[in-house]
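Notes follow once the structure below has been shown.
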Ligand SMILES: Cc1ncc(COP(=O)(O)O)c(C=O)c1O
């Protein structure tokens, strides 16, 4: 099956009891047993739920993996993955991670004795000196948030190979439409489904996809033991979103390109960070591992003043100022004061998150209207 066909059909069966073509919302906490332990595969909805199962199968198919596990948020998926580790274990991670991921690593799990090293990974060999016998995981976000750095997944996998280190890729920005990390050798893919995969800014959810049965069983155990489960209605909304993922992504990419090219030539704009531009430092890697370049981009202002960035954000009509990304509607954000406010100023400036940096999630509206909005806001 090609991607667009998978998005509509993979993992989905007509409802066996009625033939309903859309997966029903199984709004139930428990399931009848005819005798103790005799049931139809479902006992209690923290453990399993048929709407969740359909979504997990669909996501596994889209990521070319064997097992999909869905969570109540992207961060709940992150939480479950770090619970695979023990005190003393070490993780090497991208240094411009999503702020919430940085927060859970440094404020929650560091307290439990897990050590996190943050580093730029654009040059894979740079992480070699951070790897030691305690390293159990490498955590990659590519393209990264909000600097759109692109990391060579195959290059990192080559360094981790044979060392009992699991490579985890947060594929939220790319989605499986643009990039399949498992095919590039990564062990585990994680997503905030809240973003492009759900696609309609109406649900918060996360997922993990992987091939290794032993790790999948551990994660399923952790989920059942800790309870980080999504509700069936949310699973339904994501299943519905997935049916148009390929069509939405195609338009996000087309609009992303036009917006990036417009901004690149604007006299008030400093730098534009979008992996599809030839001037992007990792464009060659993006071209190799991604099928297109997505609808996320960031830019700075030549003046580089916080007040100027705020004024642009306040003037936007369609690029609504809001947390989050990946919905059909265009959004804007100010990483320094919003998504990345939990990262200390000197840390975030080291990786380029300046006060004038504006992040755009380019939606699927008519691109002429989006460009007009940028023109009036930039003045
Ligand atoms: C790249 C990335 N990963 C993970 C998350 C966390 O996902 P959630 O908000 O669904 O918990 C986000 C949220 O913005 C994100 O942008």
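Numbering (my numbering), first residue to last: 1064 to 1442.
Quick reminder that beta carbons are idealized off the backbone N, C-alpha and C, glycines included.
Nearest-angstrom Cα distance between residue i and residue j?
i            : j            : result
residue 1171 : residue 1319 : 35 Å
residue 1120 : residue 1426 : 27 Å
residue 1313 : residue 1098 : 51 Å
residue 1193 : residue 1428 : 44 Å
residue 1116 : residue 1347 : 38 Å
residue 1137 : residue 1350 : 27 Å
residue 1113 : residue 1127 : 21 Å
residue 1321 : residue 1291 : 39 Å
residue 1420 : residue 1378 : 16 Å
residue 1141 : residue 1064 : 30 Å
Compute the minimum distance between the beta carbon of residue i and the heavy atoms of ligand 1, and state whether it is under 8 Å.
i            : result
residue 1262 : no
residue 1267 : yes
residue 1204 : yes
residue 1172 : no
residue 1256 : yes
residue 1208 : yes
residue 1400 : no
residue 1138 : yes
residue 1236 : yes
residue 1297 : no
residue 1163 : yes
residue 1169 : no
residue 1241 : no
residue 1387 : yes
residue 1233 : yes
residue 1141 : yes
By DSSP's criteria, residue i is part of a beta bridge. Which residues make up the other side?
i            : result
residue 1387 : Partner(s): none; residue 1387 has no beta bridge.
residue 1131 : 1272
residue 1081 : For residue 1081, which the question treats as bridged, DSSP gives no partner whatsoever.
residue 1064 : According to DSSP, residue 1064 bridges with nothing at all.
residue 1089 : None; residue 1089 has no bridge partner.
residue 1240 : The partner list for residue 1240 (beta bridge, DSSP) is empty, contrary to what the question assumes.
residue 1101 : 1098
residue 1229 : 1200
Within its chain, find whatever has a CB closer than 8 Å to the CB of residue i; leave out the 5 residues flanking it on each side and keep chain order.
i            : result
residue 1310 : 1067
residue 1365 : 1330, 1331, 1332, 1333
Excluding the 5 residues preceding and the 5 following residue i in the sequence, name in chain order all residues of the same chain whose CB lies nearer than 6 Å to its CB.
i            : result
residue 1264 : 1390
residue 1411 : 1403
residue 1153 : 1178, 1197, 1198
Practice problem: Starting from the N-terminal side, write out each stretch of the alpha helix (DSSP H) that is 4 residues or longer and does not extend beyond the region 1397–1428. | Solution: 1408–1413
Quiz item: Along the chain, which unbroken stretches of the beta strand (DSSP E) at least 3 residues long are found entirely within the region 1310–1343?
Solution: 1332–1336
Quiz item: What are the uninterrupted segments assigned as alpha helix (DSSP H) that are 4 or more residues long and contained completely in the region 1252–1296, given in chain order?
Solution: 1276–1289
Quiz item: Can you list, in chain order, the stretches of the beta strand (DSSP E) that have 3 or more residues and sit fully within the region 1144–1184?
Solution: 1153–1157, 1178–1182
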